[in-house]
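Notes follow the structure.
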Amino acid sequence: QVVGYPIIDLDKFKPDLGWYLRSLEEVIIQVLAEYGLKGERSAGETGVWLDPQDPFVARKICAMGIKCSRWITMHGFALNVNTDLSHFEFIVPCGIQGKTVTSLEKELGKKMDYEEVKQKIKKHFEAIFDCDLI
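Each residue of the sequence shown is one higher than the one before, starting from 7 at the first, in the numbering used here.
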């Protein structure tokens, strides 16, 4: 997994947790698009999904969970890249019954370059949040 834990003062961006989560999702959606995958949101479920409207094939590729105190964010996202998905057989990911998880490797049929994925995340994060990452 590529895990991102942005620490952001939302007072300097937009003090709105919904906006922040949708923006994080958009970063991942745009990264997936670069690989020819259509990442989407699923109504009432935070994170990024493939085919979320079809209950028989909906699968989560990126989990998200944040904490915010005085508009300072903590925690973030976990994008499944070359993840061993067998570990998910023993849990109910994000407490969502009946849906599975996937990874870039599974969807594209090849091992992915973590550094390349991280650079794409960085590029889209900086564009969407109009900032420079340090």
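Note that the Cβ used here is the ideal one computed from N, Cα and C, for glycine as well.
Asked, Found
"What residue does the alpha helix (DSSP H) around I14 start on, and which one ends it?", "Run containing I14: none; DSSP gives neither H nor E here."
"Go through its chain and collect everything with a Cβ distance to Q59's Cβ below 7 Å, but skip five positions before and after it.", "none"
"Which residue or residues does DSSP assign as beta-bridge partners of T52?", "Looking at the DSSP assignment, T52 forms no beta bridge with any residue, so it has no partner."
"State the DSSP-derived secondary structure class of R47, mapped to helix, strand or coil.", "strand"
"May I ask you to report which of helix, strand or coil DSSP gives L110?", "helix"
"From the DSSP output, which residues share a beta bridge with T79?", "C74"
"Identify which residue in Y11, R65 and E121 has its Cα closest to the Cα of F94.", "R65"
"Between the stretch 39–59 and the stretch 133–140, do three or more beta carbon pairs fall short of 8 Å?", "no"
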